[in-house]
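From first to last, the protein sequence lines stand for chains A and B. All the letters of the first sequence, read from the start, carry residue numbers 23 to 369 under this note's numbering. All the letters of the second sequence, read from the start, carry residue numbers 23 to 369 under this note's numbering. Here is the structure we will look at, set down as structure tokens.
2 protein chains.
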Amino acid sequence: MKSKAKRVRRHVTIREVAKAAGASVSTISAALNNSDYVSADMRSRIEAAIKTLKYCPNDLARGLRLQKTHSIAIVVPDLSNNFYIELVRGVKDYSASASYTILIGDSRENWEEERNYLDSFHRRRVDGVVRVPAMNTTGGKAKAILGNLPVVYADRHPREHDTHIGRVGVDNTQAAKSATSYLLSLGHRDIGIITGDASSGTSRDRLRGFISAIRSAKIRLDRSMIHAGHNDMESGHFHAMQLLTRGQRPTAIFCTNNMMALGALAAIQEIGLACPEEISLLGFDDFYWATLLRPSLTVVRQPAREIGMIAARILIDHIEGRSSIPTPALLKTQLIVRDSCCPPKKM
Amino acid sequence: MKSKAKRVRRHVTIREVAKAAGASVSTISAALNNSDYVSADMRSRIEAAIKTLKYCPNDLARGLRLQKTHSIAIVVPDLSNNFYIELVRGVKDYSASASYTILIGDSRENWEEERNYLDSFHRRRVDGVVRVPAMNTTGGKAKAILGNLPVVYADRHPREHDTHIGRVGVDNTQAAKSATSYLLSLGHRDIGIITGDASSGTSRDRLRGFISAIRSAKIRLDRSMIHAGHNDMESGHFHAMQLLTRGQRPTAIFCTNNMMALGALAAIQEIGLACPEEISLLGFDDFYWATLLRPSLTVVRQPAREIGMIAARILIDHIEGRSSIPTPALLKTQLIVRDSCCPPKKM
DNA sequence: AGTCTGTCCCGAAACGTTTTGGTTTTGGCT
DNA sequence: AGCCAAAACCAAAACGTTTCGGGACAGACT
């Protein structure tokens, strides 16, 4: 039994590579970042040493020295919502093409969780973050967590004027307006809407678009038809129940995100209403299995992947000191007409 | 124009906190890791300084010095598969309770992607990784990427004897066997199966269970009823099409993961078969909107979240030098009977 | 012969922490 | 007054990189 057991060295360092290759540390570094002068002979010796020693660079040390990690964080409110998966993949794909690495956070619509993620990413010294803030975010507290890390908002944007270097999403007002107009054009006059929390600028914009369409059609706006949910299935279900069991039942329901549309569909099925004959359902955000539902869902599609890619681009451009697209970037939505909406039954 | 512009200091360091609090660097560190002696007076001065300077610890430096990052990685093959989201959340929740941080990777069933993630996480010096290997993994290459980082496998396990400190999943053979028995008990004799790639031990186990059930029932095994897909919707669709348009059509299809079940459902709908009357469909993995489908899907449910939690526990126990559950840990599945299976029509 | 220009390589300092092994201060006890 | 232990603090050495400023050598040109 050795009392002074040699500490197990978990990782091989550049120094050991240097020794093995008969070179100095700085030469290894130069070879690694294939720059500067290093002869072909030396280079091959180094590569051999790296291979046999199974050297794996230490990004902690690297980032510390460089004051830069070549990585960005993406924090979304709900990974089980396919929209955000697509968004994350957009961020990831663009970042990879710019050789940045991403760190993913899933706040589950919970500010505490989001704060933890943001803090953790900040401590890890990511170079920037693209953020889809959680619903119940109380205020511009993110600033306190992130210091002056560059932030670009995607999909949602904070209500108060938060400091950020850009934001990208769709023209929510316009999208909701034209979606509502579609319902109106089918003949619906009693339309219920289930929006997200009013703390989100995005939800308010969509509601604004809805109201605007109603007003343009010279229809009286019934405020009791407006329900504010929480962007999850449960609240979609709850509010759809409310809408469907009231005295004057709407002939159509517009849900401003996909989770709530699913919840509403569940409510409709539970009550046993025929959709779309007795109740039309219009969702926001498309998802890959929307066609599998019966009826298949009519939705307004957002270019989720593209939103992610552009967010990443704006962020990385900023990080690298390039000027970029003017902010905010507003992308176009598309109404995907499927089977969940039809003209209302005549009474 | 200053030629010698002072470099913008992006982050405030412990040293500046020390100056502001009139203390030494080591005292700040002691206060931060609230240990050692530090007087109440000093402690409050330090806290004040931290607050006003908005100090955020640098985990790169910390990890470098400590040779430990208090973080683990989880890489899964498909984040748009809800099963893996639940698994990730299990890992996350357990890790958080042990005050570990997680890094998420989404390989999209692609070994290149997975390799990139594993490499990136290794360079970041995570303390361990829980891994759900991508399908087309060619071999035990992960070892070459990860060196001797502790790995625990979740859900899937590699075919060849890969080095790892544990694995956790369900008893796939048993699960598939009893699921198949269920179909048999309904009266089905011509059952098609769409499995994952044979390179995965998990897929092979499920197939084994299927075959075992068939054999036990003394039914002739028709190998042309066995199709190997790729765990995605597309291949589920493709192989279901094959099965449904052949001469002797099966009366039931068993899909060994949820994505392929969705693809099969799409195929059934496309062809216009009545499900379950003309064709029963049995899936693997439950997901939150399985009840919204028409028919709602009968599935064998895996405890995804629990798998994640246990995987994290085994990993973290190992990292911290505690002994842990014997490996592999096999959890129980549950057959969730809904509407997509019924007795076959008599011919 | 001397000077210059490349090429190839190296030593040492820095990045922001934690830890080790101190030193100083305090106050209680003879 | 003298001593001692405990309490409170600190300086310096790591951790694994990259970069800066040279140095040695070779060949080309005066």
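Idealized CB from N, CA, C, for every residue including glycine. If you're wondering where the values come from, they're calculated on a predicted model, not measured in any experiment.
Which residues mark the beginning and the end of the beta strand (DSSP E) in which residue i is found?
i, result
"B/Phe276", "Ala274 to Cys277"
"B/His249", "Ile248 to Ala250"
"B/Ser302", "Ser302 to Phe306"
"A/Tyr175", "Val173 to Ala176"
"A/Ala217", "Note that residue 217 of chain A is Thr in the sequence shown here, rather than Ala. Looking at the DSSP string, the run of the beta strand (DSSP E) that includes A/Thr217 is Ile213 to Thr217."
Taking the alpha helix (DSSP H) that residue i falls in, what are its first and last residues?
i, result
"B/Thr224", "Gly223 to Ser238"
"A/Lys73", "Ala62 to Leu75"
"A/His259", "Met255 to Leu266"
"A/Ser57", "Neither: A/Ser57 is in no alpha helix (DSSP H) and is coded neither H nor E."
"A/Thr195", "Asn194 to Leu208"
"A/Glu38", "Ile36 to Ala43"
"B/Met282", "Asn280 to Ile293"
"A/Ile167", "Ala164 to Leu168"
Indicate whether at least one CB of chain A lies closer than 8 Å to the CB of residue i.
i, result
"B/Ala164", "no"
"B/Trp133", "no"
"B/Val79", "Rather than Val, the amino acid found at residue 79 of chain B in this sequence is Pro. True, the Cβ-Cβ gap to chain A drops below 8 Å."
"B/Ala176", "no"
"B/Arg189", "no"
"B/Leu284", "yes"
"B/Tyr122", "no"
"B/Gly150", "no"
"B/Arg145", "yes"
"B/Ala288", "yes"
"B/Ala83", "yes"
"B/Arg32", "yes"
"B/Asn104", "yes"
"B/Ile126", "yes"
"B/Val362", "Reading off the sequence, residue 362 of chain B comes out as Ser, not Val. Taking Cβ atoms only, chain A never reaches closer than 8 Å to B/Ser362, which makes this a no."
"B/Met263", "no"
"B/Ser66", "no"
"B/Met331", "no"
"B/Ser51", "no"
"B/His101", "It is worth fixing the name first, because residue 101 of chain B is Leu in this sequence and not His. Yes, contact with chain A."
Quickly, what does DSSP pair residue i with across the bridge? List them, please.
i, result
"B/Arg189", "B/Tyr175"
Does residue i have its Cβ less than 8 Å from a Cβ in chain B?
i, result
"A/Lys28", "Here A/Lys28 scores only 41 on pLDDT, less than 50, and its place in the model should not be relied on; the value that follows carries that caveat. Cβ-Cβ to chain B under 8 Å: no for A/Lys28."
"A/Gly169", "yes"
"A/Leu21", "Since the first residue of chain A shown is 23 and the last is 369, residue 21 of chain A is not available in this structure."
"A/Gln89", "yes"
"A/Arg316", "yes"
"A/Lys24", "Low confidence applies to A/Lys24: its pLDDT is 31, below 50, so where it sits in the model is not reliable, and the reading given next is rough at best. Cβ-Cβ to chain B under 8 Å: no for A/Lys24."
"A/Tyr310", "yes"
"A/Ser46", "no"
"A/Ile107", "yes"
"A/Ser142", "yes"
"A/Leu86", "yes"
"A/Leu295", "no"
Subject >> Segments assigned alpha helix (DSSP H), at least 4 residues, entirely inside the stretch 86–153 of chain B >> reply: Listed in chain order, the alpha helix (DSSP H) runs fully inside the stretch 86–153 of chain B are 104–119 and 133–145, counting runs of at least 4 residues.
Original post:
Pairing CB atoms from the stretch 325–335 of chain B with CB atoms from the stretch 292–306 of chain B, are three or more of them under 8 Å?
Top reply: By the Cβ criterion, the stretch 325–335 of chain B is not in contact with the stretch 292–306 of chain B, since fewer than three pairs of Cβ atoms, one from each stretch, lie closer than 8 Å.
Original post:
Which runs of the alpha helix (DSSP H) spanning at least 4 residues fall entirely within the stretch 306–368 of chain A, listed in chain order?
Top reply: You should have 326–341.
Subject >> the stretch 333–342 of chain A contacting the stretch 126–142 of chain A, beta-carbon criterion three pairs below 8 Å >> reply: Because the criterion of three Cβ pairs below 8 Å is not met, the stretch 333–342 of chain A and the stretch 126–142 of chain A do not touch.
Original post:
Are there three or more Cβ pairs, one per stretch, closer than 8 Å when the stretch 109–119 of chain A is compared with the stretch 163–173 of chain B?
Top reply: No, because fewer than three Cβ pairs between the stretch 109–119 of chain A and the stretch 163–173 of chain B fall closer than 8 Å, the two stretches do not touch.
Original post:
Okay, do the stretch 267–274 of chain A and the stretch 209–221 of chain A touch, 3+ Cβ pairs below 8 Å being the bar?
Top reply: Using a Cβ-Cβ distance cut-off of 8 Å, the stretch 267–274 of chain A and the stretch 209–221 of chain A are in contact, since at least three pairs of beta carbons, one from each stretch, lie closer than that value.
Original post:
Are three or more beta carbon pairs between the stretch 231–244 of chain B and the stretch 188–197 of chain B nearer than 8 Å?
Top reply: Yes, since at least three Cβ pairs between the stretch 231–244 of chain B and the stretch 188–197 of chain B fall closer than 8 Å, the two stretches touch.
Original post:
Are the stretch 85–105 of chain A and the stretch 64–75 of chain A touching, with three or more C-beta to C-beta distances below 8 Å?
Top reply: The stretch 85–105 of chain A makes no contact with the stretch 64–75 of chain A, as fewer than three CB pairs between them are under 8 Å.
Original post:
Can we say the stretch 242–262 of chain A touches the stretch 178–188 of chain A, given the rule of at least three CB pairs closer than 8 Å?
Top reply: Taking 8 Å as the limit for Cβ pairs, the verdict is that the stretch 178–188 of chain A does not touch the stretch 242–262 of chain A.
Original post:
On the three-pair Cβ rule with 8 Å, is the stretch 140–159 of chain A touching the stretch 313–321 of chain A?
Top reply: As far as the Cβ criterion goes, the stretch 140–159 of chain A does not touch the stretch 313–321 of chain A, which means the pair count is below three.
Subject >> the stretch 303–313 of chain B touching the stretch 274–290 of chain B, judged by at least three CB pairs closer than 8 Å >> reply: Verdict: yes, contact present.
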